[in-house]
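What follows is a single structure, written as structure tokens, with notes after it.
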Amino acid sequence: MSFRLLIVLAVTVMTCSAVAAELVPDAPSAPLQPEPPDVGLNVLNPSAVAPVEEAFLNIIEPAPDSEVREGRKITIRWESSGPIEQVRLYYSYDLCPLAGKSRGSYGHILYNQMIPNFTEAPWTVPWMDTDAFRLRIAGYTRDGEQIADHEIGVRFRPAELADLPAHAIGIIKKRQRLYYYEGGRVRRMHVVSTAAPGYTTPTMRPGSYDRRRGAMGKVFGKQTSAWSRRYNCAMPYWLQITASGSHGIHATSAPYYRYLGRPASHGCVRQHNADAKVLFGMVAVGTPVYVF
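When we follow our numbering, the leftmost residue of the sequence shown carries the number 18, and every step to the right adds one.
Right under this line is the structure:
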């Protein structure tokens, strides 16, 4: 075979091999694997988005059902979570009732505005015409949207009654209020009338003594129906608070109900008949009496 023929055959074989190689299909490639999701950016999958902390408030001081005293400076403290930027603190209460009927309610915003959510705030406890009040906190976003709140009940004690024993009657002339405590808690709070100008309701406590009135400061006796010879009037549900009988706690008559809450008596402590009846049934002879 000539050399020229060998070259032609070699070229032919190479050409056929190349054509055959082009006709052979490519080997299958591995399927593409999806990229792992970016949890922080995958907004199409809500379950993959980092959760927002839920808004939460909880008053921890004063404790629920604890007692605060008028004039004391206390610190209100609370727990907080979530996007709460500001808070508003309130207190509210039902006014001392008269004859078991509501006289309305009162509420006030501490600081008269929202304050930063610092989780505590000082407060000087004011006078309140009640024996218990509601303390409430509301939480707001930076834009002023309310997103959480919490409320507790707190007991209130007037400054004058700070050292009153657990079982006693306390009367505050400048407030025209009577309090009856049992077990350290107010069982009754009444709107009353003490002495009008020109008359005297003596200040007293157990062991007090006056030359004209004798011993003072406890319930010396009680009568369902007593009579004043000096003023010629009935004194229902009489609780005698001086040894001489010069002064007592009793019901007044209907024409004088409108004066309750201000000084209007001849020296005794007047009450609405309905209130006097309840108190009379609760108080025993010997109960300590304090008049401030």
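All C-beta atoms, glycine included, are put in the ideal place defined by N, C-alpha and C. Quantities reported herein were computed from a predicted structural model and do not represent experimental measurements.
Helix, strand or coil at residue i according to DSSP, with G and I counted as helix
| i | result |
| --- | --- |
| Pro253 | strand |
| Asp227 | strand |
| Ile77 | strand |
| Glu177 | helix |
| Arg159 | coil |
| Asp166 | strand |
| Tyr216 | coil |
| Leu112 | coil |
| Leu277 | coil |
| Lys191 | coil |
| Ala183 | coil |
| Ala271 | helix |
Range of the contiguous alpha helix (DSSP H) that encloses residue i
| i | result |
| --- | --- |
| Val142 | Counting along the chain, Val142 falls outside any alpha helix (DSSP H), and DSSP gives it neither H nor E. |
| Asp82 | No alpha helix (DSSP H) holds Asp82; DSSP gives it neither H nor E. |
Selected residue, minimal CA-CA separation from residue i, among the options
| i | options | result |
| --- | --- | --- |
| Pro16 | Leu178, Thr304, Arg246, Thr217 | For residue 16 there is no data in the structure shown, the boundaries of the chain being 18 and 309. |
| Gln240 | Glu162, His267, Asp180, His283 | His267 |
| Asn84 | Trp95, Ala149, Arg230, Leu127 | The residue asked about is misnamed: residue 84 is Glu in this sequence, not Asn. The shortest Cα separation from Glu84 among Trp95, Ala149, Arg230, Leu127 belongs to Ala149. |
| Pro81 | Tyr226, Leu152, Ala260, Tyr197 | Leu152 |
| Pro182 | Ala176, Glu199, Gly170 | Glu199 |
| Lys190 | Gly201, Ser245, Pro219 | Pro219 |
| Leu7 | Cys285, Pro272, Leu277, Arg230 | In the structure displayed, the chain extends from 18 to 309; residue 7 sits before or after that span and is not available. |
Whole-number beta carbon distance between residue j and residue i, since they are thought to touch under 8 angstroms
| i | j | result |
| --- | --- | --- |
| Leu115 | Gly121 | Going by Cβ atoms, the distance from Leu115 to Gly121 rounds to 11 angstroms, so no, they are not a contact pair. |
| Arg205 | Val308 | Not quite, the Cβ-Cβ distance comes to about 16 angstroms (not below 8 angstroms), so this is no contact. |
| Ile164 | Ile91 | About 26 angstroms; that fails the 8 angstroms criterion. |
| Asn129 | Val104 | About 14 angstroms separates the two Cβ atoms, so there is no contact after all. |
| Thr211 | Pro272 | At roughly 18 angstroms, the Cβ-Cβ gap does not stay under 8 angstroms, so Thr211 and Pro272 are not in contact. |
Contacts around residue i, its chain only, beta-carbon distance under 7 angstroms, and the 5 residues preceding and following it disregarded
| i | result |
| --- | --- |
| Met145 | Tyr110, Phe173 |
| Asn75 | Trp95, Glu96, His167 |
| Ile169 | Ile76, Pro81, Leu152 |
Cβ shell of residue i (< 6 angstroms), same chain only, five flanking positions each side left out
| i | result |
| --- | --- |
| Met299 | none |
| Ser225 | Met233, Gly234 |
First and last residue of the uninterrupted beta strand (DSSP E) at residue i
| i | result |
| --- | --- |
| Gly124 | 122-126 |
| Met299 | No beta strand (DSSP E) contains Met299, which is instead part of the alpha helix (DSSP H) from 290-299. |
| Gly265 | 265-268 |
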